[in-house]
Amino acid sequence: MNGRKLEGPAIDFAGLSPLLALLGGAVVVLMVGLLRGRAAREHGVPALSFATLAASLGLTIWQLDSSEELVAGALAIDGLGTVLNILFVSAGMATVLLSWRALAPRESAHGEFHALLLTSIAGMVVLAWSTNLVTVFLGLELLSIPLYVLCATEMRRATSLESGLKYLIVGSLGSAVFLYGLALIYGATGSTDFAGIAEANSAVGLSSDPLMLTGIALSVVGLGFKASVAPFHQWTPDVYEGAPTPVTAFMAVATKAAAFGIFLRLFDVALIDSATAWAPALAALATVTIIAGNVGALGQSSLKRMLAYSSVAQAGYMLAGVVVTSGLGVRATVFYLAVYLVMNLAAFAVIIARERETSLGDDLAAVEGIGATRPVLAWPMTIAMLSLAGIPATGGFIGKFFLIDATVDGGYAWLGFVIVIGSMISLAYYLRVIAAIWMRDAPAVAQSTPVPAGPRPALAGGSPEGDAGPGSVALGAESPPAQAGAVVYGGEPGGGKAHWEVALVAVLCAALTVAAGVVPQPLFDLVQRCGDAFTNLV
Amino acid sequence: MAIEWYLIVSALIFSIGAGGVITRRNPLVVLLCLELMLNAANLALIAFSRMHGNGDGQIFAIIVMVVAACEVCIGLGVIVAMYRRRLPIDVDELRELQG
Numbered sequence: 003m004n005g006r007k008l009e010g011p012a013i014d015f016a017g018l019s020p021l022l023a024l025l026g027g028a029v030v031v032l033m034v035g036l037l038r039g040r041a042a043r044e045h046g047v048p049a050l051s052f053a054t055l056a057a058s059l060g061l062t063i064w065q066l067d068s069s070e071e072l073v074a075g076a077l078a079i080d081g082l083g084t085v086l087n088i089l090f091v092s093a094g095m096a097t098v099l100l101s102w103r104a105l106a107p108r109e110s111a112h113g114e115f116h117a118l119l120l121t122s123i124a125g126m127v128v129l130a131w132s133t134n135l136v137t138v139f140l141g142l143e144l145l146s147i148p149l150y151v152l153c154a155t156e157m158r159r160a161t162s163l164e165s166g167l168k169y170l171i172v173g174s175l176g177s178a179v180f181l182y183g184l185a186l187i188y189g190a191t192g193s194t195d196f197a198g199i200a201e202a203n204s205a206v207g208l209s210s211d212p213l214m215l216t217g218i219a220l221s222v223v224g225l226g227f228k229a230s231v232a233p234f235h236q237w238t239p240d241v242y243e244g245a246p247t248p249v250t251a252f253m254a255v256a257t258k259a260a261a262f263g264i265f266l267r268l269f270d271v272a273l274i275d276s277a278t279a280w281a282p283a284l285a286a287l288a289t290v291t292i293i294a295g296n297v298g299a300l301g302q303s304s305l306k307r308m309l310a311y312s313s314v315a316q317a318g319y320m321l322a323g324v325v326v327t328s329g330l331g332v333r334a335t336v337f338y339l340a341v342y343l344v345m346n347l348a349a350f351a352v353i354i355a356r357e358r359e360t361s362l363g364d365d366l367a368a369v370e371g372i373g374a375t376r377p378v379l380a381w382p383m384t385i386a387m388l389s390l391a392g393i394p395a396t397g398g399f400i401g402k403f404f405l406i407d408a409t410v411d412g413g414y415a416w417l418g419f420v421i422v423i424g425s426m427i428s429l430a431y432y433l434r435v436i437a438a439i440w441m442r443d444a445p446a447v448a449q450s451t452p453v454p455a456g457p458r459p460a461l462a463g464g465s466p467e468g469d470a471g472p473g474s475v476a477l478g479a480e481s482p483p484a485q486a487g488a489v490v491y492g493g494e495p496g497g498g499k500a501h502w503e504v505a506l507v508a509v510l511c512a513a514l515t516v517a518a519g520v521v522p523q524p525l526f527d528l529v530q531r532c533g534d535a536f537t538n539l540v
Numbered sequence: 111m112a113i114e115w116y117l118i119v120s121a122l123i124f125s126i127g128a129g130g131v132i133t134r135r136n137p138l139v140v141l142l143c144l145e146l147m148l149n150a151a152n153l154a155l156i157a158f159s160r161m162h163g164n165g166d167g168q169i170f171a172i173i174v175m176v177v178a179a180c181e182v183c184i185g186l187g188v189i190v191a192m193y194r195r196r197l198p199i200d201v202d203e204l205r206e207l208q209g
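Which chain is which? The protein sequence lines are A and B, in order. All residue numbers in the first sequence are consecutive under my numbering, ending with 540. All residue numbers in the second sequence are consecutive under my numbering, ending with 209.
The following block contains the structure:
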């Protein structure tokens, strides 16, 4: 009291600028969304949102070489943080383009949709930069809570609301379990700081402390929910299918990158000295995830569900990079995250384009025969599928190669075998899509104008037995709003034509996928920066 | 009082919450059970904070309360939106998305 000054924490605003740009942009976008002019809302808001992301990307590149604490041990910028930041912001830019003339922002409100998107990306940035359990939890929730809302933005479609509620319940359950795990880790080590936890862990040798082990187990479960690691993946297909497709694309790539960023940071920095305890468990989870994802994808006819199961399998591949606790593993995981981002965005962009062109939604039939009719969409989809399967000359091959190299190097050669077997299974469903694109004729109904009940009666709402066609239509007629939802679903904006920006995203991402496979060196150089966060790894 | 008692109560509340999330069908009750789980973690955090004699756990607990409030807001918002669409307010009836 007597003359003593309260010392505020030293805040590095230059390092914090990419995050501040996102949060400031979110506020501006929310305000602009309240303007009366239709053009301002429909085009001004996405443009501003895109500009915010571009600014954040520029600031990240400006800070690319910095490696320092930002806010009193809560956030720190380093190689891993900046590289992941580039991934989040690029995914955000693609999502803004994909949702520019989509249904979801029109049904909710443009301002809110984009503000939520930017806030979610800000949460990912906080998560990727956090060096403290408190900021980890805060970042995780800041990224998840806007996503729950984004999933439910097509408010007149029952499945969108259902996916929102399902994601909310499962996501919150994951967060609660994760939080309890963090509380126990804090209890065992007496510190919420990553460095403090690592120090206490190595000094006292907490690897066999029941409190610590329970804490680690619960945080693995919690993060498993977020990263859709089997056996905590059951929500993934439902939520991916029900959410508006641009949101699904964003969720699939950006959330996964954020979840794996924190997997790497929490396990390879804070809990590295307990690796003997958690590495075998994570290796087992990775195996289960690869098998469950690839087998689950086999029988799917909905492209979004198939990609959901495929994302589960990819999570398993990336988990292998965490298990090996080596610098090589970290780099392989981040490399795969980058490749996964572009190949998945290409696939989702094609699905969005076909949803708008046809009334078949995301069914496999929607891409049948597009090799002849729409080569500009057929090629990106083909490249994306080949890359997801890991065919040479695509980024997916180099990524898998890098991961298998890391597993062999880290003494988990059998996990490398599991990755190879998983890729072999996955060819079955990826090649099915390619066969549909090139070897089948376009179905006659594909170009039809929207029919009230739509060819997918399950979307008409209301009925638990949605697969029974006539019954469902009758039920839709009983509740007018439900039927209206189906009409709106069939009649995407633009009256059945795809928009150039969707095709642009598809072509660009496919080109990057091939580029990452043919000349991977620039991406290798970028990923090389991730090492400096992990001083204790070889 | 030994720390064990606090931890036992906290683990009990956590289990009640987790059990409720899994077994209850009404999304409102499910949200309530999620709150129980978060508050169990809060209790553990504050007990540990007292045990270690530093304030980190208490700060963590306050932040968790804010986050929990946000989560409930979103949850109630989605439930109201479903109610307006006259969808069944029952977790077991949500099976349009399956396969």
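The beta-carbon is built from N, C-alpha and C at its ideal position, and this holds for glycine as well. Being a predicted model, the structure only gives us computed values, none of them experimental.
If you check each beta-carbon in the stretch 180-197 of chain B against every beta-carbon of chain A, the ones closer than 8 Å belong to 180, 181, 184, 185, 187, 188, 189, 191, 192, 195, 196 and 197.
One thing to note: residue 152(B) has its Cβ no nearer than 7 Å to the Cβ of residue 179(B). Residues of the stretch 133-146 of chain B with a C-beta atom less than 7 Å from some C-beta of chain A are 137, 140 and 144, listed in chain order. One Cα belongs to residue 321(A), the other to residue 285(A), and the distance between them is close to 8 Å.
Going by DSSP, residue 85(A) is part of the alpha helix (DSSP H) stretching over 81-101. When secondary structure is reduced to three states using DSSP, residue 195(A) falls in the strand class. If you check each beta-carbon in the stretch 143-173 of chain A against every beta-carbon of chain B, the ones closer than 7 Å belong to 143, 147, 150, 151, 154, 157, 160, 161, 163, 164, 165, 166, 167, 168, 170 and 171. Every alpha helix (DSSP H) stretch that sits fully inside the stretch 255-342 of chain A and reaches 4 residues is listed by chain position as 258-267, 277-300 and 305-325.
Contact between the stretch 285-304 of chain A and the stretch 252-263 of chain A is not established, with fewer than three Cβ pairs separated by less than 8 Å. Under the Cβ criterion of 7 Å, residue 148(B) is counted among the residues facing chain A. Here the stretch 96-108 of chain A lies against the stretch 241-252 of chain A, with 3 or more beta-carbon pairs under 8 Å apart. Sequence-distant Cβ neighbours of residue 354(A) in its own chain, meaning closer than 6 Å and more than five residues away, are 100, 247 and 504. For residue 185(A), the nearest beta carbon of chain B is closer than 7 Å to its own beta carbon.
Within the model, the alpha-carbon separation for residue 382(A) versus residue 511(A) is close to 8 Å. Within the model, the alpha-carbon separation for residue 337(A) versus residue 324(A) is close to 13 Å. When the Cα atoms are used, residue 126(B) and residue 275(A) turn out to be separated by approximately 33 Å. A Cβ-Cβ contact shorter than 7 Å links residue 314(A) with residue 238(A). DSSP, reduced to helix, strand and coil, places residue 154(B) within a helical segment of the structure shown. Boundaries of the beta strand (DSSP E) harbouring residue 70(A): 70-73, taken from the DSSP string. Cβ atoms of residue 97(A) and residue 119(A) come within 8 Å of each other, at about 6 Å. In its chain, beyond the 5 residues on either side, 109 have a beta carbon closer than 6 Å to the beta carbon of residue 157(A). A straight line joining the alpha-carbon of residue 173(A) with that of residue 333(A) spans about 28 Å. When the alpha-carbon of residue 184(B) is set against those of 71(A), 147(A), 129(A) and 516(A), the nearest one is in 147(A). Residue 518(A) sits away from residue 255(A), with the two beta carbons spaced by 7 Å or more.
Boundaries of the alpha helix (DSSP H) around residue 15(A): 15-34. In the structure shown, residue 77(A) falls within a strand segment according to DSSP collapsed to helix, strand and coil.
By the Cβ rule, the stretch 23-37 of chain A counts as touching the stretch 53-64 of chain A, because three or more pairs are nearer than 8 Å.
Contact between residue 190(A) and residue 214(A) holds: CB atoms are separated by about 4 Å, below the 8 Å threshold. Taking the Cα of residue 168(A) as reference, the smallest distance to any Cα among 281(A), 235(A), 125(A) and 183(A) is reached at 235(A).
Contact between residue 123(A) and residue 166(A) does not hold, since the beta-carbon distance rounds to 19 Å and is not under 8 Å.
In the structure shown, residue 240(A) falls within a helical segment according to DSSP collapsed to helix, strand and coil. Straight across, the Cα-Cα distance linking residue 47(A) with residue 125(A) is about 20 Å. Using a Cβ-Cβ cut-off of 7 Å, residue 136(A) counts as an interface residue toward chain B, since at least one Cβ of chain B sits closer than that to its own. Rounded to the nearest whole angstrom, the C-alpha separation of residue 131(A) and residue 198(A) is 17 Å. With a threshold of 7 Å between beta carbons, residue 155(B) makes contact with chain A. If you compare the alpha carbons of 526(A), 376(A) and 79(A) with that of residue 444(A), the shortest gap goes to 376(A).
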